[in-house]
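Be aware that the sequence shown starts at 1070, since it is given in this note's numbering, and climbs by one per residue. Please read the structure below before turning to the comments.
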Amino acid sequence: MGPHAVVLNAKAATSTPRPPLRFEAADGGRIRLRQNARTLLLAKVEQANQGVHLTRFEGYTSPLPPIPAAHHPNWPHQYARWLEDSPNTPLHPSRWHLYTRTAFPPYVWHAPDLVRTWPAAHLDWSAHGWHGIVPLRPLSPPNAPRVKAYRKRVREGALPPVLLWWVTAFDGWLLLDGHDRAVAALEEGGTPPCVALVRVPDEEDWRRDAAEMTESHGREKQGDLTPRARRDAHLARALAALPYDVARTRSWPLPGGAAAWDREAARAVFQFPGD
């Protein structure tokens, strides 16, 4: 990995089987996001898979510490270290890819796919997916003091990146850190610098894919290379071409199942269209 990406193998020594920040699921497309014992989000997938209705709650704590203004030469590596040590981390034993992302389709940050409403929202899958961003706390107004301070950093080119977590159940991103930084960058007419956190296939699956690609390349003509040089060339090509495919975001069984989710949703006066 270069200075703009890192692959992290989170083991039991640095993460827990059920992490502090985690998704729980029950029948009928019911989803809950919890941080330790606190519910942060309730969601339900529409019956025809046309989208997700969700609501969020106050109390979210970022897994990152306050970030200094100084530029860091390798933000993905720094964020990985902080996530490993955080009491509010989403990391569980698995393989994770953290990388700098600078380009997004224009609708992600500069259109309704950035969820600005609070607390309720609808993620619309009807147009071949979503790929938007769900903040975990209300976005500050443009004139908020912290936003104004961050706008100065944007102009200086010294804004630390926001942290996004790809969630397959939403077909989109959760904004884990940098809510005010994101607003500042947008108010300055740009796209926030980002570090993306994505779960990728585990080592065994990745090596199997690499072996399959190596075997496939091995059937191609390699000129006058020696057998060893040919094998090394096959492997190098396979590893270079191998993508870090996205693995499904893991969820755990929701204690009490659908009935418990329904009770919590009712207490939140949370009603879904069509139910």
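For every residue, glycine included, the Cβ atom is placed at its ideal position computed from N, Cα and C. None of these values were measured; they are calculated from a predicted model.
Non-local C-beta neighbours of residue 1104 in its own chain, meaning closer than 7 Å and more than five positions away in sequence, comprise 1089, 1090, 1129, 1130, 1157, ordered along the chain. Distance check between residue 1248 and each of 1231, 1118, 1238, 1101 places 1231 closest, using alpha-carbon atoms only.
If you look at residue 1203, you'll find it in the beta strand (DSSP E) that goes 1202 to 1204. Going by DSSP, residue 1252 is part of no beta strand (DSSP E) but of the alpha helix (DSSP H) stretching over 1248 to 1256. Around the beta carbon of residue 1166, 16 or more other beta carbons sit within 10 angstroms, so the residue counts as buried.
Excluding five sequence positions before and after residue 1211, the CB atoms of its chain that fall closer than 7 Å to its own CB belong to 1252, 1256, given in chain order. Take residue 1134, set aside five residues on each side of it, and the residues of its chain with a beta-carbon closer than 7 Å to its own are 1151, in chain order. Here DSSP, grouped into helix, strand and coil, assigns residue 1330 to helix. If you draw a straight line from the Cα of residue 1146 to the Cα of residue 1229, it comes to about 13 Å.
When the alpha-carbon of residue 1262 is set against those of 1215, 1139, 1169, the nearest one is in 1169. In this structure, residue 1202 sits near residue 1243, with a CB-CB distance shorter than 9 Å.
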